[in-house]
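Colleague: First to last, the protein sequences are chains A and B.
The first sequence stops at residue 511 when you use UniProt numbering, and every number in between is there.
The second sequence stops at residue 313 when you use UniProt numbering, and every number in between is there.
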Amino acid sequence: MKKRVLAGFFLSLSLVLSACSGGGTAPAEQGKSAEGQAKTELIVAAEQEPVGYDPHKVPAASSVRVYALIYDSLTKLDENMNIIPNLAEKWEIAPDGKTVTMFLQKGVKFHNGKDMTAEDVKFSFERIMNPDTGSIAKSYFSSVEAIEVKDPTTVVFKLKNADASFVANTASAYASIVPTGSTDLTKEAIGTGPFKMEKSESGQYVLLKKNADYFNKELPKVESIKFQIMKDEAERLAAIRSGKVDISMVSADSAKLLEGKPGVQIKNYQSLEYSYLGINVNKKPFDNPKVREAISYAVDRNQIIQTVWKGEATLTGPIAPALTNSALDPATYPTYKTDVEKAKQMLAEAGYPNGFETQIETAATYPDMVETAQVIQQQLKAIGINAKINQLEWGNYIETWKSKDMNLMVGRNTSGVDADRSMRFFFSTTGSANVWNYSNPAYDELVQKALTTVDQGERKKLYDEAQTMLVADAPNLFLASPKNYYAVRDNIDFTPSAAGEVYSLIKTSIK
Amino acid sequence: MGSYLIKRVASLIPILFGISVLIFTILHLVPGDPASIMLGTNATPEAIAALNKSMGLDQPLINQYLHWITGILQGNFGVSVHTGEEILPQILKRFAITMQLTVFGVLIGWVLAIPFGILSAIRAHSKTDIVVRVFTLLGISVPNFAIGTLLLLGFSLYFNWFPPIDVVNFWEDPIEAFKVFILPATTMGIVVAAGVMRMTRSAFLETMDKDFIRTARAKGNSKWTIVIGHAFRNSSIPIVTIAGMQIGYLLGGSVIVEQLFSIPGLGQYILEGIYQRDYPVVQGGVLFVALVFVLVNLLIDLIYTWIDPRIKY
Numbered sequence: 001m002k003k004r005v006l007a008g009f010f011l012s013l014s015l016v017l018s019a020c021s022g023g024g025t026a027p028a029e030q031g032k033s034a035e036g037q038a039k040t041e042l043i044v045a046a047e048q049e050p051v052g053y054d055p056h057k058v059p060a061a062s063s064v065r066v067y068a069l070i071y072d073s074l075t076k077l078d079e080n081m082n083i084i085p086n087l088a089e090k091w092e093i094a095p096d097g098k099t100v101t102m103f104l105q106k107g108v109k110f111h112n113g114k115d116m117t118a119e120d121v122k123f124s125f126e127r128i129m130n131p132d133t134g135s136i137a138k139s140y141f142s143s144v145e146a147i148e149v150k151d152p153t154t155v156v157f158k159l160k161n162a163d164a165s166f167v168a169n170t171a172s173a174y175a176s177i178v179p180t181g182s183t184d185l186t187k188e189a190i191g192t193g194p195f196k197m198e199k200s201e202s203g204q205y206v207l208l209k210k211n212a213d214y215f216n217k218e219l220p221k222v223e224s225i226k227f228q229i230m231k232d233e234a235e236r237l238a239a240i241r242s243g244k245v246d247i248s249m250v251s252a253d254s255a256k257l258l259e260g261k262p263g264v265q266i267k268n269y270q271s272l273e274y275s276y277l278g279i280n281v282n283k284k285p286f287d288n289p290k291v292r293e294a295i296s297y298a299v300d301r302n303q304i305i306q307t308v309w310k311g312e313a314t315l316t317g318p319i320a321p322a323l324t325n326s327a328l329d330p331a332t333y334p335t336y337k338t339d340v341e342k343a344k345q346m347l348a349e350a351g352y353p354n355g356f357e358t359q360i361e362t363a364a365t366y367p368d369m370v371e372t373a374q375v376i377q378q379q380l381k382a383i384g385i386n387a388k389i390n391q392l393e394w395g396n397y398i399e400t401w402k403s404k405d406m407n408l409m410v411g412r413n414t415s416g417v418d419a420d421r422s423m424r425f426f427f428s429t430t431g432s433a434n435v436w437n438y439s440n441p442a443y444d445e446l447v448q449k450a451l452t453t454v455d456q457g458e459r460k461k462l463y464d465e466a467q468t469m470l471v472a473d474a475p476n477l478f479l480a481s482p483k484n485y486y487a488v489r490d491n492i493d494f495t496p497s498a499a500g501e502v503y504s505l506i507k508t509s510i511k
Numbered sequence: 001m002g003s004y005l006i007k008r009v010a011s012l013i014p015i016l017f018g019i020s021v022l023i024f025t026i027l028h029l030v031p032g033d034p035a036s037i038m039l040g041t042n043a044t045p046e047a048i049a050a051l052n053k054s055m056g057l058d059q060p061l062i063n064q065y066l067h068w069i070t071g072i073l074q075g076n077f078g079v080s081v082h083t084g085e086e087i088l089p090q091i092l093k094r095f096a097i098t099m100q101l102t103v104f105g106v107l108i109g110w111v112l113a114i115p116f117g118i119l120s121a122i123r124a125h126s127k128t129d130i131v132v133r134v135f136t137l138l139g140i141s142v143p144n145f146a147i148g149t150l151l152l153l154g155f156s157l158y159f160n161w162f163p164p165i166d167v168v169n170f171w172e173d174p175i176e177a178f179k180v181f182i183l184p185a186t187t188m189g190i191v192v193a194a195g196v197m198r199m200t201r202s203a204f205l206e207t208m209d210k211d212f213i214r215t216a217r218a219k220g221n222s223k224w225t226i227v228i229g230h231a232f233r234n235s236s237i238p239i240v241t242i243a244g245m246q247i248g249y250l251l252g253g254s255v256i257v258e259q260l261f262s263i264p265g266l267g268q269y270i271l272e273g274i275y276q277r278d279y280p281v282v283q284g285g286v287l288f289v290a291l292v293f294v295l296v297n298l299l300i301d302l303i304y305t306w307i308d309p310r311i312k313y
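Now the structure itself:
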């Protein structure tokens, strides 16, 4: 009896041990299979699961990075943020700026074999502009009055007023060209893009196969791209180090950890994003411009860059510095020179010599937002403002953002591809994303005039003036524009840029 | 017994109905709606309205509930508001994955826990006992995300081994599935083992003090005959209870383990649904988990009667 029990005990122990050794022997096999045949599939770690692939309906970044490989837009941006041809091989803007003629590439086919023509372009834009679609790109094309098909490869956009941001907006993935008659694009994704949708396994991966008929014969350079869903950063780090994935976005902290590790390279670029402290200009005491100015003097933006972003970010104004053609040098803003004494004095002049109590709303989902709020909390304390931080779950955060009833709020914006988006959409009186109740007729006039000014030099001057005005009025404090990091395996030729991941992925090759 | 079973199964109806109302209400009370979350801070009010309308979320709440529950009663769980994917096949597919993970994890846990728990009880206060008790304390107090992260990083950095990233089922490819599940199941198993080991030890200590054990000893039975033949069965009620509870919870999806190892299980599905305010996904998922939980409990109650014939329903 005793022996049987002991035997049973050792059996169970050996089971456990064999379980461990089963894991231990695996690396050799995996190494072989990886070297055995030439690698043609690129594996990209995806932090979030895509939530559908209709380019006119889904703006989530997790979806865009996939569908922007399946669909094409009329134009696109290169790594220097210049507008370059895509489905449109060239375009003409009438001298009055009210007519834009797009000349399409010839011989472009959708993945189902049908030709892409001017009719499809007209259909796509009308779908975007139809209120029932619920496209967020509708606001990009509010100046469009009519779309005319001149011939199968020529389409004419008639605008209500000159719109200098129009061509830049056609570069957006939200303005992808879809086949005429498409109704439900959640079911099947048929575009003209460099990749075709092969398989999507919920919770696991999305597999895209090369489109052999892509109009640019030299691209893409890999046979397939697999977006592997890995929600945990620790898992992504382990996967990139062991070579299970080829490309992964990583945080600045993880980038530091991976630096110099064999097999992995760290690449970064200056992003189009910036963090901000939003101020509700309707709420007391923030309705007093002096209070807002005092806060602007009290907040040390460089400290935020050092603590939150470990120095890997740059100062920013209302337009992220990566938009080099439009962004004004932050050195020109007087309030960016932190001055606590001056801030206290201004607060006293505004009638708050002893400061006041308030709240900062922030999203718990994003550690950088929470840290930013904490740094600001400390900095405001120095001038007597006691701020309580509310860490909100993302859905709740969006709800608060929409309510237009917050006090202070830390957030992140993405500068659009054209200055108009950063300026008008976020801060004009009627701007959809102006949740700060900011209303300045002089500002509205400036950005409206800039929109309709076709001369680029003249336009830049107007935006410079508008940026200076916005920073002085301070409905938002613009804080820092971070770098984005990618960990890339040594054998992968991938160079990320502000033009977006898709732009780089199309050109990526495996060495 | 028969009437007991009928009664228990019948009691499922009010339970599940209550849960359906509860989850629906809570979910709709939580701030945020799918359209706003989908559109984020890029949203325009008209885009949000159009999207909510297309998802049927502009209807009064009571209509939305009735629409959903009638669907459920007909076996139609509806589609995800974001991806338009059928929910029931997803739930079943993901439940199968969660089930494999749970069974594997629990097996590892038991194989570790029961022999060592017994050993630690019959050698109470010996060195073995101390080692076992330290292990259980660690297993209970170290959170499973820490254990999982350590395992994942440890294996990938020191053994250069990373589990296969695509999940396969055991019945398709047992070896590959073993590789997929071994680390997450071990993570789960350590936590399971700690709880079961503790319970085994205390249950055995208690049983070993009972009169019938003394009698068995007096009859001259060997120590191991007493442990296996007499004490084991009499100690197993609390062990089975805690094991049943654990299985019930784990089948609902061990969210953290699934998230950490990218195992597309049921817990992850529901969690993602909550983040995205994908109402039908969360409602259907929670209802399903509740059903499983109640059924597992029923099964445990039935096992009691087999372990201890004195228990009658």
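The beta-carbon is built from N, C-alpha and C at its ideal position, and this holds for glycine as well.
Keeping to the same chain, check which residues put their C-beta closer than 7 Å to that of T25(A); ignore five residues upstream and five downstream.
Modeller: Confidence at T25(A) is low in this model, with a pLDDT of 34, below 50, so its placement is unreliable and the value that follows should be read with caution. Nothing listed; no residue qualifies.
Colleague: Identify whether P220(A) lies in helix, strand or coil by the three-state DSSP scheme.
Modeller: Coil.
Colleague: Could you tell me which residues DSSP pairs with W91(A) in its beta bridges?
Modeller: M102(A)
Colleague: Using a Cβ distance threshold of 8 Å, determine whether the segment 61–69 of chain B contacts the segment 210–227 of chain B, with at least three qualifying pairs required.
Modeller: no
Colleague: Would a C-beta distance cut-off of 8 Å place T41(B) and A113(B) closer than the cut-off?
Modeller: no
Colleague: Give a yes or no on whether the C-beta atoms belonging to I108(B) and T186(B) are separated by under 8 Å.
Modeller: yes
Colleague: For M249(A), tell me which candidate among K507(A), Y503(A), T508(A), N484(A) has the shortest Cα-Cα distance.
Modeller: N484(A)
Colleague: In chain B, which residues lie less than 8 Å from A234(A) when you measure between Cβ atoms?
Modeller: The answer, in chain order, is T149, L152, L153, L260.
Colleague: Is residue 396(B) close to chain A? Criterion is C-beta to C-beta, closer than 8 Å.
Modeller: Examination of residue 396(B) is not possible in this model, given that chain B is present from 1 through 313 alone.
Colleague: Would F293(B) and G229(B) be called neighbours here (beta carbons separated by less than 8 Å)?
Modeller: no
Colleague: Taking Cβ-Cβ distances shorter than 8 Å, what residues in chain B pair up with I136(A)?
Modeller: L39, N42, A43, T44, A47
Colleague: Please identify, using Cβ separations under 8 Å, the residues of the segment 114–143 of chain A that lie next to chain B, in order along the chain.
Modeller: P131, D132, T133, G134, S135, I136, K138, S139
Colleague: What does the Cβ neighbour count give for P309(B), buried or exposed, with the cut at 16 atoms within 10 Å?
Modeller: exposed
Colleague: If you draw a straight line from the alpha carbon of T98(B) to that of G265(B), how long is it in whole angstroms?
Modeller: 5 Å
Colleague: Between T508(A), V502(A), D493(A), which lies nearest to G193(A) when the distance is taken from Cα to Cα?
Modeller: V502(A)
Colleague: Taking all protein chains shown into account, decide if W401(A) is buried (16 or more other Cβ within 10 angstroms of its Cβ) or exposed.
Modeller: buried
Colleague: Listing by chain order, which chain B residues have their CB less than 9 Å from the CB of Q228(A)?
Modeller: I165, D166, S262
Colleague: Taking the alpha-carbon positions, what's the S251(A) to E89(A) distance?
Modeller: 37 Å
Colleague: In this structure, how does DSSP classify P27(A) when only helix, strand and coil are distinguished?
Modeller: Reliability fails at P27(A), whose pLDDT of 37 lies under 50, so the model's placement of it is uncertain and no value is given.
Colleague: Provide the residue span of the beta strand (DSSP E) that contains D151(A), from first to last.
Modeller: 144–151
Colleague: Taking a contact to mean a Cβ-Cβ separation below 8 Å, would you say I247(B) touches V296(B) in this structure?
Modeller: yes
Colleague: Going straight from the alpha carbon of I239(B) to that of Y304(B), what length do you get?
Modeller: C-alpha separation (whole angstroms): 11 Å.
Colleague: May I ask you to report which of helix, strand or coil DSSP gives Y485(A)?
Modeller: strand
Colleague: Say whether chain A places a C-beta atom closer than 8 Å to the C-beta of S31(B).
Modeller: First, the amino acid is wrong: residue 31(B) is Pro here, not Ser. Yes, its Cβ sits closer than 8 Å to a Cβ of chain A.
Colleague: State yes or no: is the beta carbon of Q448(A) nearer than 8 Å to at least one beta carbon in chain B?
Modeller: Using a Cβ-Cβ cut-off of 8 Å, Q448(A) does not count as an interface residue toward chain B, since no Cβ of chain B sits closer than that to its own.
Colleague: Given T365(A), which residues of its chain have a CB within under 8 Å of its CB, disregarding the five upstream and five downstream residues?
Modeller: Only E393, W394, Y397 meet the Cβ criterion.
Colleague: Any chance you could list the alpha helix (DSSP H) runs of at least 4 consecutive residues sitting entirely within the segment 132–214 of chain B, in chain order?
Modeller: 144–158, 174–208
Colleague: At a CB-CB cut-off below 8 Å, which residues of chain A make contact with L51(B)?
Modeller: K57, G134
Colleague: Using three-state DSSP, classify T307(A) as helix, strand or coil.
Modeller: helix
Colleague: Leaving out five residues before and five after E371(A) in sequence, what residues of the same chain have Cβ atoms less than 6 Å from its Cβ?
Modeller: V308
Colleague: Can you tell me whether H111(A) is buried or exposed, with buried defined as 16 or more other CB within 10 angstroms of its CB?
Modeller: buried
Colleague: Cβ atoms of A47(B) and S428(A): under 8 Å apart, would you say?
Modeller: no
Colleague: Closer than 9 Å by beta-carbon distance: list the chain A residues that pair up with F212(B), in chain order.
Modeller: What F212(B) touches in chain A: nothing, since even the nearest Cβ is about 18 Å away.
Colleague: If contact means a Cβ-Cβ distance below 8 Å, which residues of the segment 268–289 of chain B contact chain A?
Modeller: Of all residues in the segment 268–289 of chain B, only Q268, Y269, E272, Y275, Q276, R277 place a beta-carbon less than 8 Å from a beta-carbon of chain A.
Colleague: What three-state label does DSSP hand L328(A) in the structure shown?
Modeller: coil
Colleague: For I147(A), count neighbouring C-beta atoms within 10 Å of its own C-beta (all shown protein chains included) and say buried if the count is 16 or more, exposed if not.
Modeller: buried
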